[in-house]
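In the working numbering, the protein residues as written are 46 to 219.
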């Protein structure tokens, strides 16, 4: 099944495309099925280019730190935010929110291997294929560090209760 790529754009000048007409300054949401088969291999090829990344297929987070006298390698997560004038204006907000979510989770939870019958369940890193690659499901143990940490989590839950999202209103009929 093909996935649609959705893009929010603003016309810098009036234009006509097929049967659509946009005036200058108009906002539009486009869904494109044609771009997906092309962009995924391109991004993957860039992220696995041996000229850009030493041992490109190996998991080596230290490659971005420039250890052992090596120049830090280009961080491929920047590819997901686009390029040039169409670069995502929210990339820094997204990165900051992700950092805070991870830091807060690590502060209040102990995340360890799952133990079954007295033995740790091994985790084998495997990932899905597609436009965006995700880790496949695996078992682990997540526990609150202490009763005080649980109180902190519950306090945040009371201050910021779950709300129903507006996703249904934003879905496109393709």
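Built from N, CA and C at the ideal position, the CB exists for glycine as well.
Beta-carbon spacing of residue i, residue j below 7 Å
i           : j           : result
residue 168 : residue 183 : yes
residue 121 : residue 140 : no
residue 193 : residue 181 : no
residue 126 : residue 117 : no
C-alpha distance - residue i paired with residue j, whole-angstrom precision
i           : j           : result
residue 25  : residue 119 : Beyond the ends of the chain as shown, which are 46 and 219, falls residue 25; an answer cannot be given.
residue 129 : residue 137 : 15 Å
residue 207 : residue 186 : 24 Å
residue 162 : residue 134 : 49 Å
residue 197 : residue 87  : 44 Å
residue 200 : residue 146 : 16 Å
residue 114 : residue 213 : 51 Å
residue 112 : residue 189 : 34 Å
residue 216 : residue 173 : 24 Å
residue 99  : residue 211 : 43 Å
Three-state class that DSSP yields for residue i in the structure shown
i           : result
residue 128 : coil
residue 83  : Bear in mind that the predicted position of residue 83 carries a pLDDT of just 42, short of 50, making it unreliable; the figure below should be weighed with that in mind. Residue 83 falls in the helix class under three-state DSSP.
residue 168 : coil
residue 161 : strand
residue 226 : Past the edges of the chain, shown from 46 to 219, lies residue 226, and the structure says nothing about it.
residue 210 : coil
residue 105 : coil
Strand pairing of residue i, partner residues [DSSP]
i           : result
residue 155 : 188
residue 180 : 172
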